[in-house]
Amino acid sequence: MTYEFMKRRVVLCKDGQPDRTVWLIVRRTLGEGSTYSYFISNAGRSTRLKTFVWLSGVRWAIDRVYLSHRKRKLAGLELTLYVSL
549 MTYEFMKRRV VLCKDGQPDR TVWLIVRRTL GEGSTYSYFI SNAGRSTRLK TFVWLSGVRW
609 AIDRVYLSHR KRKLAGLELT LYVSL
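Residues in the sequence shown are numbered consecutively from 549, following this note's numbering.
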């Protein structure tokens, strides 16, 4: 899958008042039926777009490992419950 990224400084609001400035990172899939994902970061002002692109890949890998481990753990619990009945 191919993505396009962009970053923009935005101001978050709290109770209708400006609160803090953060990065808004937008990831879009290229091709028909583009989908968008949004991320917010409090990284420093000098953070480059390529750093956010790299971090999004690292986060994806961590999420996959976590979900895989969780599914295995749940499958093991289900098996244990089934056997103990």
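Cβ atoms here follow ideal geometry from the backbone N, Cα and C, with glycine treated the same way.
So which of the options has the shortest CA-CA distance to residue i?
| i | options | result |
| --- | --- | --- |
| Tyr551 | Phe600, Ser594, Ala591 | Phe600 |
| Tyr584 | Val574, Gly592, Arg593 | Val574 |
| Leu578 | Arg596, Tyr614, Met549 | Met549 |
| Arg576 | Arg596, Pro566, Met554 | Met554 |
| Arg593 | Lys562, Gln565, Thr569 | Thr569 |
Can you tell me where the beta strand (DSSP E) holding residue i begins and where it ends?
| i | result |
| --- | --- |
| Leu560 | 551 to 562 |
| Leu572 | 565 to 577 |
| Ser589 | 584 to 589 |
Using a beta-carbon distance below 8 angstroms, is residue i in contact with chain B?
| i | result |
| --- | --- |
| Ser589 | In the structure shown, chain B cannot be found, because there is only a single protein chain. |
Quick check: what's the CA-CA separation for residue i versus residue j?
| i | j | result |
| --- | --- | --- |
| Trp608 | Ser582 | 19 angstroms |
| Ile610 | Asp567 | 30 angstroms |
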